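A.B. asks: Shown below is the structure under consideration.
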Amino acid sequence: MIEAVGLTKRYGDKTAVYNLSFQVRPGAVTGFLGPNGSGKSTTMRMILGLDNPTSGQVTIAGHPYAKLPNAPRQVGALLDAKAVHGGRSARNHLLSLAQLSGIPARRVDEVLGVVGLQDVAKKRSKGFSLGMGQRLGIAAALLGDPQVLLFDEPVNGLDPEGILWVRNLMKALAAEGRTVFVSSHLMSEMALTADHLIVIGRGQLLSDMSIGDFISANSADFARVRTPDTEPQLREKLTSALTEAGGHVLPEQDGALRVTGLALPRISDIAHDSDVRLWELSPHQASLEEAYMRMTQGAVDFRSTADQKEGLTQPLPPGAQPPMPVPGQGQPGWYAPPSPQQGGRPFAMPHPYGAPGQPPAGPYGAPGAAQPNPYAQPAPQAPQAPQGAPAPQAPAPAAPAAAPPAQSAPAAPAPSDLTKPEDVR
Amino acid sequence: MSTPQPPMPQAAVPDWQAVAAGSPYPTYTSPIPVVRTHLGHAISSEWTKIRSVRSTMWTLGVFVALVVGIGLLIAALVSAQASDESLAGENPLSFGVFGLLLGSMCIITLGVLTTASEYGTGMIRTTMTACPSRARVLAAKSIVFFAVAFTVTFASVLLVALADVSLLQGAKSPSGSEWLKGTFGISLYIALLGLLSLLVGSIIRHSAGAITIMIALVLAPLVMALFMFADSLESVRQALFDYSIPSQLSVFYTHSLSNSGPTGWDPLWIALGVTAVAFAVAVSLLQSRDV
Chain V
238 MIEAVGLTKR
248 YGDKTAVYNL
258 SFQVRPGAVT
268 GFLGPNGSGK
278 STTMRMILGL
288 DNPTSGQVTI
298 AGHPYAKLPN
308 APRQVGALLD
318 AKAVHGGRSA
328 RNHLLSLAQL
338 SGIPARRVDE
348 VLGVVGLQDV
358 AKKRSKGFSL
368 GMGQRLGIAA
378 ALLGDPQVLL
388 FDEPVNGLDP
398 EGILWVRNLM
408 KALAAEGRTV
418 FVSSHLMSEM
428 ALTADHLIVI
438 GRGQLLSDMS
448 IGDFISANSA
458 DFARVRTPDT
468 EPQLREKLTS
478 ALTEAGGHVL
488 PEQDGALRVT
498 GLALPRISDI
508 AHDSDVRLWE
518 LSPHQASLEE
528 AYMRMTQGAV
538 DFRSTADQKE
548 GLTQPLPPGA
558 QPPMPVPGQG
568 QPGWYAPPSP
578 QQGGRPFAMP
588 HPYGAPGQPP
598 AGPYGAPGAA
608 QPNPYAQPAP
618 QAPQAPQGAP
628 APQAPAPAAP
638 AAAPPAQSAP
648 AAPAPSDLTK
658 PEDVR
Chain H
1220 MSTPQPPMPQ
1230 AAVPDWQAVA
1240 AGSPYPTYTS
1250 PIPVVRTHLG
1260 HAISSEWTKI
1270 RSVRSTMWTL
1280 GVFVALVVGI
1290 GLLIAALVSA
1300 QASDESLAGE
1310 NPLSFGVFGL
1320 LLGSMCIITL
1330 GVLTTASEYG
1340 TGMIRTTMTA
1350 CPSRARVLAA
1360 KSIVFFAVAF
1370 TVTFASVLLV
1380 ALADVSLLQG
1390 AKSPSGSEWL
1400 KGTFGISLYI
1410 ALLGLLSLLV
1420 GSIIRHSAGA
1430 ITIMIALVLA
1440 PLVMALFMFA
1450 DSLESVRQAL
1460 FDYSIPSQLS
1470 VFYTHSLSNS
1480 GPTGWDPLWI
1490 ALGVTAVAFA
1500 VAVSLLQSRD
1510 V
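Sequences listed follow chains V and H, in order.
If you're matching positions, the first sequence starts at 238 in the working numbering and goes up one per residue.
If you're matching positions, the second sequence starts at 1220 in the working numbering and goes up one per residue.
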């Protein structure tokens, strides 16, 4: 059992982890998810007593790590696969750790076999590939046969077979009643491995729930409804009719509507009753990856942009067409808004500042716009995007729906004032 | 493995197992007996570490080659060139100092690498996770390194001393206390110098930086003193000469580069004091800093 209470870590004026509280229970694999630089590794180091928290505390079985009796026999950790002296052989590396922890030397050969490194045990670890390094790190974590296991990005650099092995290993370890805490930035991997998910972004807790709850909360079924592009008023009409019937309607980038809370036949009936033709009515399920992206989109520190090569290109000869940009360059700043029936918990963090990652919200609603949001209503005076020239990528200036909730609703789950000091950097 | 495994008391049940038994969650209890670890475990671990990297073999190999090679070479040259009269009254052991001065660089390097290389590779995080008592790790490193450095230095110095005494017939026969100081004493001093490097490595946490600092500490006072011509700096100049490490080394052979300054066993006590202070600083920094 790992228990963190109000864990905070500052490096100078940079806050790496802010007020993090969570519990990691035995008998389950707990996934620790977050974008790069969100504070996962810092949290892991604080759990292991390597970094001292600025405030708050974290305990394992009720003790801070430094005061834990027989710590190496109770906790095993893989922090960094390359954190070994390259000139030392794999076996000697593990042997020195075993001696330090009072573990019999024959255990070293056992764990070397468990991770499949017995053939290179006498080789210097300098020549190891990243995957072999990960295996050596996992061997070090397993050395003490501990009750609590921490793995920081254990599948990095592993081949597909190795990934499958790690996945099964984690599950097997948890099934034996151990506490297994695994960090990753890959939602897809965690969806297959973890029983419980803790998601952080910018050092703050975004979500702490079981994987089942996470799926039901984030990947709810929805229907995609498309009305004829040529008649925008039909879309308005259908939107208000569906909203009246108790459904939640959110626009998508390409002009389609994402409807939740109504069954497909009911949508069809409503469309029929209100005399709207449909071009598409299809069932969909939002993926976990998408839910995770949406949750952390406001908390991504490092976002790539399209490679402009501005000022480096030759001026185009008159009449020449500029080269078409290759699709897929740059990172999308927009993910589909969350399904609104869990309106009480908008995951996207409010962005009072004009961060580059700000989602250009459509004219209808914003991520996290819950039931009482007036912007979610089809405002008739809202400027209608000309249907012939759809401009979904054009960033809507000032994103009207995204900013006001942050200011008018101070009781938002993610307090906006707490994120401000971070953004001074 | 050359160190014996300490006995494993089976009776001591760790209290965390008792705590876990009362919790509502499933628990896992390892079949491997749990041992309460102590400094002995850390020492055997550090011994494994220091003997399993090539840099140890290289630095110690070069050290022995320098001390013994230069020591024997000088002894041979002096015995061939010098007349018996010119050697009269000389301590024959003192001809070993030149090789030792050069060789001390190797001991300094090894000392720094013992701690700083763990920071360079990130191994220190693994070590400190396996042993949350940071002072115990530093103490074990210090003990193991000091033992290795002293043993190797003492063996090399003794070899050179025996050669010096047998080759230089014209020199006086060293007394018992001269033997003790010229072999045992100076080996302790060199090992302490290496231990100081180890502690500086732990404080600086960067190999190249710590080695530079230590080499500067050995050479800079003498070099600075050479360029202090002004009369007003005369006392500073004299102090730098007296307390520079090459000068302190030669005190062990009872003839100093100057007539003032430390005498007898003083250099050893000075080194011991400085190392003790450095150890205290290193431990307090180790406890307070993030790894």
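Ideal Cβ placement from N, Cα and C applies to all residues, glycine included.
Just so it is clear, the structure is predicted and the values come from calculations on it, not from any experiment.
#1: Can you tell which of V/ARG463, V/ALA428, V/GLY438 has the C-alpha that lies nearest to the C-alpha of V/GLY449?
#2: Measure the Cβ-Cβ separation of V/LEU331 and V/VAL345 and say whether it is below 8 Å.
#3: Enumerate in chain order the residues of its own chain whose CB-to-CB distance from H/GLN1236 is below 6 Å, with the five nearest sequence positions on each side excluded.
#4: Would you call the CB atoms of V/LEU395 and V/VAL403 closer than 8 Å?
#5: Under 8 Å, Cβ to Cβ, is there at least one residue of chain V near H/GLY1330?
#6: When you compare each of V/THR476, V/SER505, V/GLU517, V/GLU390 to V/PRO272 by their alpha carbons, which one comes out closest?
#7: Check the Cβ of V/ILE340 against every Cβ in chain H and list those closer than 7 Å, keeping chain order.
#8: Check whether the segment 1266-1274 of chain H touches the segment 1359-1379 of chain H, taking contact to mean three or more Cβ pairs, one atom from each stretch, closer than 8 Å.
#9: What are the complete beta strand (DSSP E) segments, minimum 3 residues, inside the segment 352-409 of chain V?
#10: Give me the chain V residues within the contact set of H/ARG1273, using Cβ-Cβ distance strictly less than 8 Å, ordered along the chain.
#11: Would you say V/PRO609 faces chain H, with C-beta separation under 8 Å as the test?
#12: DSSP puts V/ALA313 in a beta bridge; with which residues?
#13: Taking the straight line between their C-alpha atoms, what separation do you get for V/ALA265 and V/THR416?
#14: What alpha helix (DSSP H) runs, 4 residues minimum, are completely inside the segment 1290-1340 of chain H?
#15: DSSP has V/ARG325 in a bridge; who is on the other side?
#16: Tell me, to the nearest whole angstrom, how far the beta carbon of H/ILE1326 is from that of H/ILE1409; I am working on the premise that it is less than 8 Å.
#17: Roughly how many angstroms separate the alpha carbons of H/VAL1356 and H/GLY1389, rounded to a whole number?
#18: Over what stretch of residues does the beta strand (DSSP E) that includes V/ILE239 continue unbroken?
#19: Return no unless some Cβ of chain H is closer than 8 Å to the Cβ of V/GLY492.
#20: Among V/LEU434, V/GLU517, V/ASP288, which residue has its Cα nearest to the Cα of V/TYR248?
#21: Please report the straight-line C-alpha distance between V/TYR529 and H/LEU1279, rounded to a whole angstrom.
#22: Quick one: what's V/ARG461 bridged to in DSSP?
#23: Tell me, to the nearest whole angstrom, how far the beta carbon of V/VAL323 is from that of V/SER362; I am working on the premise that it is less than 8 Å.
#24: By the three-class DSSP mapping on this structure, what secondary structure does H/VAL1272 have?
#25: Check whether the Cβ of V/LYS319 lies closer than 8 Å to any Cβ atom in chain H.
#26: Would H/PRO1393 and H/LEU1312 qualify as a contact pair, given that the criterion is a beta-carbon distance under 8 Å?
#27: Where V/VAL295 and H/GLU1453 are concerned, what is the direct C-alpha to C-alpha distance, given to the nearest angstrom?
#28: In angstroms, rounded to a whole number, what distance separates the CA positions of V/ALA378 and H/SER1263?
#29: Taking 8 Å as the threshold (C-beta atoms), are V/ALA335 and V/LEU373 in contact?
#30: Residues of chain H with CB closer than 7 Å to the CB of V/SER333, please, in chain order.
#31: Sort out for me which residues DSSP pairs V/LEU434 with in a bridge.
#32: Is the Cβ of V/GLU664 closer than 8 Å to any Cβ of chain H?
#33: Considering only the alpha carbon of each residue, which of V/THR533, V/THR245, V/SER421, V/ASP510 lies closest to V/LEU315?
#34: Does the separation of the CB atoms of H/LEU1459 and H/PRO1440 fall below 8 Å?
#35: List the residues of chain C whose Cβ lies closer than 7 Å to the Cβ of V/ALA308, in chain order.
#36: Can you list, in chain order, the residues of its chain with a C-beta nearer than 7 Å to that of H/VAL1502? Leave out the 5 residues immediately preceding and following it.
C.D. replies: Reading from the atomic positions:
#1: V/GLY449 has its Cα closest to that of V/ALA428, out of V/ARG463, V/ALA428, V/GLY438.
#2: Here V/LEU331 is near V/VAL345, since their CB atoms are less than 8 Å apart.
#3: Confidence is the limiting factor: at H/GLN1236 the pLDDT is only 43, short of 50, which leaves the residue's position unreliable and the question unanswerable from this model.
#4: Cβ distance < 8 Å, so V/LEU395 and V/VAL403 count as in contact.
#5: Residue contact with chain V for H/GLY1330: absent (no Cβ-Cβ distance below 8 Å to any residue of chain V).
#6: Taking the Cα of V/PRO272 as reference, the smallest distance to any Cα among V/THR476, V/SER505, V/GLU517, V/GLU390 is reached at V/GLU390.
#7: Ordered by position in chain H, the residues that pass the 7 Å Cβ test against V/ILE340 are ILE1251.
#8: Because the criterion of three Cβ pairs below 8 Å is met, the segment 1266-1274 of chain H and the segment 1359-1379 of chain H touch.
#9: The qualifying runs are 385-389.
#10: Within chain V, the residues GLY324 have their CB atoms less than 8 Å from the CB of H/ARG1273, given in chain order.
#11: Low confidence applies to V/PRO609: its pLDDT is 44, below 50, so where it sits in the model is not reliable, and the reading given next is rough at best. So no, V/PRO609 is outside the interface.
#12: Before going on, a small fix: residue 313 of chain V reads as Gly here, not Ala. DSSP, once it has assigned bridges, lists V/LEU386 as partnering V/GLY313.
#13: Going by the C-alpha atoms only, they are around 6 Å apart.
#14: As far as the segment 1290-1340 of chain H is concerned, its whole alpha helix (DSSP H) runs of at least 4 residues are 1316-1340.
#15: Secondary-structure assignment with DSSP links V/ARG325 through no beta bridge to anything.
#16: A Cβ-Cβ distance of about 6 Å is found for the pair H/ILE1326 and H/ILE1409, placing them in contact under the 8 Å criterion.
#17: About 50 Å.
#18: For V/ILE239, the uninterrupted beta strand (DSSP E) run begins and ends at 239-248, by DSSP.
#19: It does not: the Cβ of V/GLY492 has no partner Cβ on chain H nearer than 8 Å.
#20: Of the listed residues, the one whose Cα sits closest to V/TYR248 is V/ASP288.
#21: C-alpha separation (whole angstroms): 55 Å.
#22: DSSP lists V/ARG495, V/SER519 as partners of V/ARG461.
#23: A quick correction: the sequence has Gly, not Val, at residue 323 of chain V. Cβ atoms of V/GLY323 and V/SER362 come within 8 Å of each other, at about 6 Å.
#24: DSSP places H/VAL1272 in coil when its eight states are reduced to three.
#25: By this cut-off, V/LYS319 is an interface position.
#26: Yes; because the gap between Cβ atoms is below 8 Å, this pair is in contact.
#27: Using only the alpha carbons, I get a separation of about 59 Å.
#28: If you take the alpha carbons of V/ALA378 and H/SER1263, they lie about 20 Å apart.
#29: 8 Å or more divides the Cβ of V/LEU373 from the Cβ of V/ALA335.
#30: Near V/SER333 (Cβ distances below 7 Å), the residues of chain H are SER1264, THR1267, LYS1268.
#31: In the DSSP assignment, V/LEU434 forms a beta bridge with V/GLY268, V/MET446.
#32: Residue 664 of chain V cannot be examined here, being either before or after the span of chain V that is shown, 238 to 662.
#33: Closest option to V/LEU315, Cα to Cα, is V/SER421.
#34: Contact: yes.
#35: Considering every chain present, this structure includes no chain C. Its protein chains are V and H.
#36: Contacts found: ALA1354, LEU1357.
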